[in-house]
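In order, the protein sequence lines correspond to chains L and W. Under the working numbering, think of the first position of the first sequence as -2, with each following residue one higher. Under the working numbering, think of the first position of the second sequence as -2, with each following residue one higher. This report concerns only the one structure given below.
2 protein chains.
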Amino acid sequence: MARFFVDARELNSDTLTLTGSNLEHAMVLRLKVGEEVIVCDGQGRECKCVVSDIAPGKFSLTVKSCQVSEAEAAVKASVYMAFSKGDKPEHVIQKATELGAYEIVAFPTERCVSRPDEKSLKKKLERWQKIAVSAAEQSGRGLVPQVIILNSYPEALKRAAQADLAILFYENEQANTLKAALSNVKFQTISLLTGPEGGLECREVEQAVQAGFHICTLGKRILRCETAPLCALSAVMYHTGEF
Amino acid sequence: MARFFVDARELNSDTLTLTGSNLEHAMVLRLKVGEEVIVCDGQGRECKCVVSDIAPGKFSLTVKSCQVSEAEAAVKASVYMAFSKGDKPEHVIQKATELGAYEIVAFPTERCVSRPDEKSLKKKLERWQKIAVSAAEQSGRGLVPQVIILNSYPEALKRAAQADLAILFYENEQANTLKAALSNVKFQTISLLTGPEGGLECREVEQAVQAGFHICTLGKRILRCETAPLCALSAVMYHTGEF
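In structure tokens:
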């Protein structure tokens, strides 16, 4: 069933009309009067709606029933990824959204090759958030992960450390496994932090230890910077009983 | 340390020379006499070598010591992916190699949009195998996953079912979790089968049940066809104690 995300306020009345990219999407789908669709507020509430009227450039929907989305993960997993080059951040945002990330946070580190200026960051953020919306629609989520850009690594550490569990994945760590870090611990929120193409500086890993992070391995193979967060997120979802 | 894959026979003597793409790679890396590199036979044996002589277009290495690679996963996980469009198969091959897949098998199903002919399949296979070699080098593996193309879905089922555990991931399955399928079972080999963009036919899932497959969910969110195998593989690696 087609899925649209709208501003939460639009779901306060019994009817709504699709606008902007939702309208375009509805036209591409050639929805007909009487067809059912799902409309979500992107914050976990979703409503079954029926197409009630179609006029040129206008899709009206009637809200039938609303409920809390059942597609959200029990644990809120935040993906903290260092800036990376090319389309890697987009890739991580799309896949992490499918896999059920609660939010996705990007930040610079010492070895980041990609150092976008403020103007291009603003553009990036807009594009990244759109990718999250689109991936949330396609994967049937009730929540659109917020994409957040932070200005510094210490800021990222401080924010990530507020979760019940904060884990940094480091290619030079061999002994501490994710499994050990997750076992016998109850957590409702978890932060998963990974470095850029060139890896994290030893000093940066030290800072994370000081901030209360667990430092874990993702196995004996070196993962690319865009593979590591998705591998970690998949494992956390598996561990917490999502599949 | 730079890593090269060569034919197993080349590692039978005390010296070897790099040729073809290995030679090109060595030149790009500007290796110097005395530098150490790893040379693998791609089947799990790896040797520490030293650059002993450089002449125009020639890199000679002396073998110092050989051992069984320690980067290979304890469990042999075979990724069975239905043909998909665009660069999705390449994506899965690259990431599955990083994540430690033992082999990657592609095959057609009813709803596959991509139906390459025999000639283009041969080309694809060559390219796909190169991607696996390159990803194995970069991720530090001792084994290059073999990429295999099968002609039919029944053939894929039959081959995959020979593993200790064979699992098919189906978006309409809700109750059976991967965790339940893996728990309290010992396995050395596992097959992970996923469908194409449009999903598997109900009938195809039935055939897999007949062939002895477990049918499992990957959670309440619908994963893209290129995300599902990597999510499953990550979870299996996590489950089997890789990280």
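Built from N, CA and C at the ideal position, the CB exists for glycine as well.
Shown here, residue 167(L) sits in coil according to DSSP, grouped into three states, outside any helix or strand. When CB distances to chain L are screened at a threshold of 8 Å, the residues of the region 120 to 152 of chain W falling below it are 135, 136, 137 and 138, in chain order. If you draw a straight line from the Cα of residue 13(W) to the Cα of residue 89(W), it is about 33 Å long.
Residue 228(L) has a beta carbon lying within less than 7 Å of a beta carbon in chain W.
Ranked by Cα distance from residue 190(W), the options 218(W), 4(W), 105(W) and 31(W) are led by 105(W). Of all residues in the region 188 to 220 of chain L, only 213, 214, 215, 216, 217, 218, 219 and 220 come within less than 8 Å of chain W when Cβ atoms are compared, listed by chain position. For residue 156(W), the secondary structure class from DSSP, reduced to helix, strand or coil, is helix. Straight across, the Cα-Cα distance linking residue 58(L) with residue 41(L) is about 19 Å. Proximity of residue 95(L) to chain W, defined by a Cβ-Cβ separation below 7 Å, is satisfied. Taking a C-beta distance under 7 Å as the contact criterion, residue 162(W) and residue 184(W) qualify as a contact pair.
Under the 7 Å criterion on CB atoms, residue 75(W) is classed as non-interfacial with respect to chain L.
Where residue 85(W) is concerned, the enclosing alpha helix (DSSP H) starts and stops at 85 to 96. Our two residues, residue 97(L) and residue 62(W), have alpha carbons roughly 45 Å apart in a direct line.
Under the three-state reduction of DSSP output, residue 223(W) falls in the coil class, being neither helix nor strand. Interface criterion met: the Cβ of residue 92(W) is under 7 Å from a Cβ in chain L. Within the region 52 to 82 of chain L, 67 and 68 place their CB atoms closer than 7 Å to a CB of chain W, listed in sequence order. Boundaries around residue 190(L) are those of the beta strand (DSSP E), 186 to 191, since no alpha helix (DSSP H) includes it. Identification of chain W residues near residue 240(L) by a Cβ-Cβ cut-off of 9 Å yields 166, 174, 175, 176, 213, 214, 215, 216, 217, 228, 229 and 232, ordered along the chain. Annotated three-state conformation of residue 7(W) is helix, per DSSP. Around the beta-carbon of residue 196(L), 16 or more other beta-carbon atoms lie within 10 Å, marking it buried. Following the DSSP letters along the chain, one finds residue 126(L) in no beta strand (DSSP E) but inside the alpha helix (DSSP H) bounded by residues 115 to 136.
In this structure, residue 68(L) places its C-beta atom within 7 Å of the C-beta atom of residue 218(W).
Residue 198(L) sits in coil when the DSSP states are folded into three classes, being neither helix nor strand. Listed in chain order, the non-local C-beta contacts of residue 170(W) below 7 Å within the same chain comprise 212, 213 and 214, local neighbours out to five positions each way being set aside.
Residue 205(W) and residue 165(W) have their alpha carbons spaced roughly 7 Å apart. Residues of chain L with a Cβ closer than 8 Å to the Cβ of residue 236(W) are, in chain order, 235.
Residue-level contact check: residue 186(W) does not touch chain L, since none of the beta carbons of chain L fall below 7 Å from its beta carbon.
Residue pairing by DSSP places residue 211(L) opposite 164(L) in a beta bridge. For residue 14(W), the nearest beta carbon of chain L is not closer than 7 Å to its own beta carbon. Here the region 139 to 148 of chain L makes contact with the region 27 to 42 of chain L; the two share three or more CB pairs at distances below 8 Å. Below the 9 Å Cβ cutoff, chain W contributes no neighbours of residue 106(L), its closest Cβ being approximately 20 Å away. Fewer than three Cβ pairs drawn from the region 123 to 135 of chain W and the region 171 to 179 of chain W lie within less than 8 Å of each other, which leaves the two stretches out of contact. Rounded to whole angstroms, the gap between the alpha carbons of residue 31(W) and residue 216(L) is 30 Å.
Taking 7 Å as the cut-off, the beta carbon of residue 146(W) is found closer than this to the beta carbon of residue 118(W). Residue pairing from DSSP places residue 42(W) in a beta bridge opposite 65(W). 192(L) is the residue among 192(L), 209(L), 201(L) and 203(L) whose C-alpha sits nearest the C-alpha of residue 227(L).
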